[in-house]
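Q: Structure provided below as structure tokens; questions to follow.
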């Protein structure tokens with residue numbers, strides 16, 4: 025028996041018998057006749073109402089035929105939903121919910137999301153060679169839906185026809201499966217419609233892999249040595265029995281104990297980059313990442329990506345010109361101009377050779393480093409208790 029059963033167009037009424045043994049039912053009936061959505065959840069799965077506040081507000085304000093809940097498997101909370109979109113209806117409510125669910129996953133409120141249902145997009149052809157063909161205009165509901173998936177790195181997995189007509193020909197992909205991680209959905213297949221019908225939707229079945237590989241987390245922190253408590257650090261170092269403990273392990277432990285950490289960034293944006301430029305770049309990157317996962321099969325989204333790429337180039341060129349004009353007018357801050365000019369150099373100056381105390385030229389890196397260490401060591405003067413303090417003469421002080 026499946027763990028989850030998604031149903032679109034339930035047509036449940038107040039008198040309908042909806043109970044299934046060993047299953048919990050989460051449903052949303054239509055006020056009038058027909059439609060409705062439901063999810064049957066196996067009783068050994070822990071089911072909850074949507075707990076994320078932002079997502080719950082979006083669902084409460086939506087008039088779309090959809091139902092969402094969360095299930096807990098182990099220590100992971102998975103967000104699942106079922107939707108029905110009547111033909112030729114608006115997509116705004118469903119799009120807002122899809123965006124809100126993905127944002128909840130990005131906030132780590134859920135480990136992943138899974139949405140299934142009947143979207144009735146006759147004007148989208150999902151080919152099994154990973155191409156997406158849009159048969160309507162760029163302002164159509166189908167086009168807006170595709171852009172929503174692309175902008176939020178979501179994937180639609182069904183690439184075969186899901187509705188069988190009376191002549192036993194299945195032509196349209198109406199039932200979709202949307203997720204933020206396509207690798208979790210495997211063994212996707214279809215079977216004949218329920219009941220003795222001349223036409224109807226095929227039954228989709230798939231396996232959902234909830235296991236994930238352990239990932240190494242990266243911390244962008246490093247020790248702030250300027251604020252270290254070196255007195256206690258040195259005290260603990262001297263108390264250590266180095267015959268029993270490895271130096272590196274002890275050093276790292278004490279560094280975490282006595283030296284605060286701070287965040288650092290491995291890359292820096294150019295000085296002329298502002299928020300507007302970053303926003304356009306981010307939008308282009310998101311769409312490019314989605315298209316790369318689909319092998320650029322959507323011609324409509326590819327054209328949209330090319331437009332964004334052109335916008336990025338124009339925005340960067342314009343911003344550089346404005347920034348350089350500001351530098352030229354800001355004569356009171358020459359350091360800023362020199363720093364910008366230096367950053368534009370492709371070749372940066374380094375120490376190629378140095379002379380030692382005997383006047384011999386050193387070119388090897390290790391020899392240059394040793395010579396510099398000797399020089400800097402010699403300029404430091406150690407304090408001595410025997411040194412006498414200078415005596416100030418009153419006659420000199422009075423004269424000055």
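Numbering (our numbering), first residue to last: 25 to 424. By construction, the Cβ of each residue, glycine as well, lies at the ideal position given by its N, Cα and C atoms.
#1: Can you have a look at residue 31 and say buried or exposed, based on whether 16 or more other CB atoms are within 10 angstroms of its CB?
#2: Quick one: is residue 239 buried, meaning 16 or more other Cβ sit within 10 Å of its Cβ, or exposed?
#3: Please classify residue 180 as buried or exposed, where buried requires at least 16 other C-beta atoms within 10 Å of its C-beta.
#4: Assess, as a yes-or-no matter, whether the stretch 156 to 174 is touched by the stretch 332 to 351 under the definition of 3 or more beta carbon pairs within less than 8 Å.
#5: Kindly list the residues whose CB is nearer than 6 Å to the CB of residue 227, restricted to its own chain and excluding five residues on each side of it in sequence; keep chain order.
#6: Is it true that the stretch 87 to 104 meets the stretch 128 to 140, where meeting means three or more beta-carbon pairs spaced less than 8 Å apart?
#7: Can you tell me whether residue 225 is buried or exposed, with buried defined as 16 or more other CB within 10 angstroms of its CB?
#8: Terminal residues of the continuous alpha helix (DSSP H) containing residue 132?
#9: Pop quiz: residue 63 and residue 106 are said to be a contact at Cβ under 8 Å. What is the actual Cβ separation, rounded to whole angstroms?
#10: As a quick exercise: from 263, 261, 173, 286, pick the residue whose alpha carbon is nearest that of residue 251.
#11: What residue does the beta strand (DSSP E) around residue 425 start on, and which one ends it?
#12: Just reading off the alpha helix (DSSP H) that residue 167 is part of, what are its end residues?
#13: For the stretch 337 to 349 against the stretch 298 to 311, do three or more pairs of beta-carbon atoms, one drawn from each stretch, fall closer than 8 Å, so that the two count as touching?
#14: Return yes when the Cβ of residue 48 is within less than 8 Å of the Cβ of residue 42, no when it is not.
#15: When the Cβ atoms of the stretch 143 to 158 are set against those of the stretch 79 to 99, are three or more pairs found closer than 8 Å?
#16: Under a three-way DSSP split, which group does residue 206 fall into?
#17: Can you check which of these residues, 365, 325, 383, 345, is closest to residue 175 by C-alpha distance?
#18: Quick check on this structure: which residue in 155, 66, 113, 112 has the alpha carbon closest to the alpha carbon of residue 322?
#19: Let me know the secondary structure DSSP gives residue 48 once reduced to three states.
#20: Could you please give me the residues that DSSP links to residue 140 through a beta bridge?
#21: Decide if residue 53 is buried, meaning its Cβ has at least 16 other Cβ atoms within 10 Å, or exposed.
#22: Of the choices 270, 84, 274, 247, whose alpha-carbon is the least far from that of residue 259?
#23: Three-state secondary structure (DSSP) at residue 70?
#24: Do you know offhand how far residue 296's Cα is from residue 345's?
#25: Among 247, 67, 153, which one has its Cα closest to the Cα of residue 277?
#26: Taking a contact to mean a Cβ-Cβ separation below 8 Å, would you say residue 79 touches residue 128 in this structure?
#27: Would you decide whether residue 233 is buried or exposed? Buried here means 16 or more other CB atoms lie within 10 Å of its CB.
#28: With residue 300 as the anchor, note down where its alpha helix (DSSP H) starts and where it stops.
#29: Here's the rule: buried if 16 or more other CB atoms are within 10 angstroms of the residue's CB, otherwise exposed. What is residue 40?
#30: Excluding the 5 residues flanking residue 305 on each side, which residues of the same chain have their C-beta closer than 7 Å to its C-beta?
#31: Please classify residue 61: is it buried, with 16 or more other beta-carbons within 10 angstroms of its beta-carbon, or exposed?
#32: Decide if residue 329 is buried, meaning its Cβ has at least 16 other Cβ atoms within 10 Å, or exposed.
#33: Put residue 154 into one of helix, strand or coil per three-state DSSP.
#34: Do residue 360 and residue 353 count as a contact pair if the criterion is CB distance below 8 Å?
#35: Please list, in chain order, all residues of the same chain as residue 284 whose beta carbon is under 6 Å from its beta carbon, the five residues on each side excluded.
A: Based on what the coordinates show:
#1: buried
#2: Note that residue 239 scores a pLDDT of 48, beneath 50, so its modelled location is shaky and nothing firm can be said.
#3: buried
#4: no
#5: 215
#6: yes
#7: buried
#8: Element bounds for residue 132: n/a, residue is neither H nor E.
#9: 5 Å
#10: 286
#11: This structure cannot settle anything about residue 425, because the visible part of the chain is limited to 25 through 424.
#12: 165 to 175
#13: yes
#14: no
#15: no
#16: helix
#17: 325
#18: 155
#19: strand
#20: 106, 201
#21: buried
#22: 274
#23: strand
#24: 9 Å
#25: 247
#26: yes
#27: exposed
#28: 299 to 317
#29: exposed
#30: 336
#31: buried
#32: buried
#33: coil
#34: no
#35: 248, 251
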